[in-house]
Each structure stands twice: as structure tokens, then as C-alpha cells.
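A quick write-up on the structure given underneath.
In full-length UniProt numbering, the protein residues as written are 1 to 290.
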């Protein structure tokens, strides 16, 4: 983060200088780079799915159904003879897209509302916090399931439901930081310099309050990905035959004793992806404390 330090009691705004925080001089811990590497592999594989996947993920071959892993099918085939590896690779596209958007959209809504509530206070703060209390009164997963049931299954309804439920966490994080930052000396100096309230908020207070929300974002991506997998497992998420990790776990569950890889491998993929994001979040948080 950067803060603005006035040059003196009577210094004009143009004399303010940027003071780099220590975290910018200290390199990120190795945990961050490892997590970024894991997530980058998923992103690259998803982006290159047409070239990387060995088979069409929707192509069926019932004569080769439930085949064990082999050189022809590295992760075997499912109950319809579809190549499991190809379906995993193509599923990364929809899971990563909804995972990232399912966290980014609530982050944008929540941080903006939290910034307004914390900076202006008064009726704005009361309205935002009472609405957030109302949303938080319901169990999040049950509320998402109810919204998806009303809106209908599909990517759009899932993103809308996640946004309506998940923005509350960002509101509280941003409001708490904004309440602290708005009392800082450099904010007072900016106000004395004659800047408008909007400029002080978005140019000075907001950038210095968003740190905790950015640290929380990777964990929320994990939660969004798991939420999508849970909805698909229950039949409310991505509908077949589109490949999706949670749906693949559900499809492989009846064969868990004999063809254990059908349900286990998609679960492991979700775990590894979540591990990479968790390492990024924990590493950035530790980096910020240095």
C-alpha cells in the first residue's frame, strides 16, 4: 500500500509524496510463487483444452465403458465410455471461470458498498449494514441453493446467486478498514487541501483500505469453486453432458468400489486447485505483515 505524507503543516497537496510500504521492498514468500504456479498450470491447461485434451469430452463409446486407466485412456472412461482425462481438462474451463467470477463479482459489489458505508457513515452505513445482516441471517449454502432453484440451473443463475450471498464478507472487511483509514493523517491532509469527498475516498482512502479484501479473495475463489461443485453434485449446477468436476464426482459415486478413480480424481483436482489458491492467500497475508 502507499500512503500520502504531507511535507509540512502548510504544504500544498502537490508536495505530498508517496511512501512505499515495507512489503513492497520485501520479496513475496516462496509460498506465493508455488501457489501462483499451481493456479497458472490450471489456467493454462483450461485455456489450451482443445489442444491438450486427447479426446472429445462428449464423445461416447459404450463398448469401452468403465475401462480402467491405460495408455489409451490415462484415467480410464466413465459409464458412457467418455475419456475421464479429457472431461477433467474441459471441466477446468467452466469451474475456473465460475470460481473466479463467483468471487470477483461479490468482491466488487462488497468492497464498493463497504467503502461507502465506512467512509460516509450515517444512513448509508446503517442501510448497508442492516441489509448485510439480513443476508447473513440465512445459511449461505441454503440461500444459494434456494436462489438457484428459483432462478434455474445454469452458469448465470449460479453467478447471480453467489454474488447476492457472498458480498457481505467483503462489506465487513472493507468497512472495518475504511473506518480506520479515514481517521489517518494523510486523509485529513487531503481534506484540508480542498479535495472533494469523492476524490479523497477513491484516490486516497480506497486504495489503502482494500488490502484485506485482496487477501480474502483467493479463499473466496476456493469457496466459489467448492460451491459450484456442490451444486453440480446435487444436480442444481452445470447440467450434463457439460463436464464439471462436481458433476463428475456425482457420476462416479455409484462405482466408487470398483472404479474408484471416477470420483476420486476429480476430488483431488479440486483439492490441488484449492491448495494453490490457499497458498497464495496465506502467503500474501504473511507478506503484508513483514
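Just so you know, even glycine gets a beta-carbon here, dropped at the ideal spot from N, CA and C.
These figures come from a predicted structure and were not determined experimentally.
Local conformation of residue i per DSSP, three classes
{"i": "residue 242", "result": "coil"}
{"i": "residue 83", "result": "strand"}
{"i": "residue 23", "result": "Interpretation of residue 23 is limited by its pLDDT of 43, a score under 50 that renders its predicted location unreliable; the figure taken from the coordinates is listed afterwards. In this structure, residue 23 counts as helix in the three-state DSSP scheme."}
{"i": "residue 256", "result": "coil"}
{"i": "residue 118", "result": "helix"}
Chain-order list of residues whose beta-carbon lies under 7 Å from that of residue i (same chain, five-residue window excluded)
{"i": "residue 96", "result": "42, 43, 46"}
{"i": "residue 98", "result": "155, 158, 159, 224, 228"}
{"i": "residue 161", "result": "144, 147, 148, 151"}
{"i": "residue 93", "result": "46, 49"}
{"i": "residue 54", "result": "83, 85, 86"}
{"i": "residue 91", "result": "243, 244, 245, 248"}
Environment of residue i [buried if 16+ CB atoms lie within 10 Å]
{"i": "residue 283", "result": "buried"}
{"i": "residue 10", "result": "Confidence at residue 10 is low in this model, with a pLDDT of 40, below 50, so the placement of that residue should be treated as unreliable; the coordinate-derived value is given next. Per the 10 Å Cβ criterion, exposed."}
{"i": "residue 218", "result": "buried"}
{"i": "residue 48", "result": "exposed"}
{"i": "residue 133", "result": "exposed"}
{"i": "residue 59", "result": "exposed"}
{"i": "residue 264", "result": "exposed"}
{"i": "residue 22", "result": "Note that residue 22 has pLDDT 46, beneath the 50 cutoff, so the model's placement of it is unreliable and no number is given."}
{"i": "residue 187", "result": "buried"}
{"i": "residue 213", "result": "buried"}
{"i": "residue 270", "result": "buried"}
{"i": "residue 142", "result": "exposed"}
{"i": "residue 107", "result": "buried"}
Unbroken alpha helix (DSSP H) run spanning residue i, endpoints
{"i": "residue 141", "result": "140-151"}
{"i": "residue 220", "result": "211-233"}
{"i": "residue 285", "result": "261-289"}
{"i": "residue 38", "result": "30-47"}
{"i": "residue 237", "result": "That residue, residue 237, is in no alpha helix (DSSP H); it is neither H nor E in DSSP."}
{"i": "residue 77", "result": "Counting along the chain, residue 77 falls outside any alpha helix (DSSP H), and DSSP gives it neither H nor E."}
{"i": "residue 167", "result": "155-181"}
{"i": "residue 200", "result": "Taken as a continuous stretch (DSSP letters only), residue 200 belongs to no alpha helix (DSSP H), as it is neither H nor E."}
Chain-order list of residues whose beta-carbon lies under 6 Å from that of residue i (same chain, five-residue window excluded)
{"i": "residue 74", "result": "85"}
{"i": "residue 62", "result": "81"}
{"i": "residue 250", "result": "233"}
{"i": "residue 298", "result": "As shown, the chain starts at 1 and ends at 290. That puts residue 298 outside it, with no answer to give."}
{"i": "residue 259", "result": "66"}
{"i": "residue 31", "result": "279, 283"}
Close-in-space but distant-in-sequence residues of the same chain around residue i (CB under 8 Å, 5 per side omitted)
{"i": "residue 87", "result": "57, 78, 243, 248"}
{"i": "residue 28", "result": "283, 284, 287"}
Chain D contact for residue i (CB, 7 Å cutoff)
{"i": "residue 243", "result": "No chain D appears in this structure, which consists of one protein chain only."}
Contact test: residue i Cβ vs the ligand NAD heavy atom, cutoff 6 Å
{"i": "residue 140", "result": "With respect to the ligand NAD, the structure offers nothing, as it holds no ligand at all."}
*asked:* Could you check whether the segment 27-43 touches the segment 267-276, counting it as contact only if at least three pairs of C-beta atoms, one from each stretch, sit closer than 8 Å?
replied: yes
*Determine contact between the segment 120-139 and the segment 56-69, defined as no fewer than three beta-carbon pairs at a distance below 8 Å.*
no
*Taking 8 Å as the threshold, find out whether the segment 234-245 comes into contact with the segment 193-208 through three or more Cβ pairs.*
no
_For the segment 107-118 against the segment 173-183, do three or more pairs of beta-carbon atoms, one drawn from each stretch, fall closer than 8 Å, so that the two count as touching?_
yes
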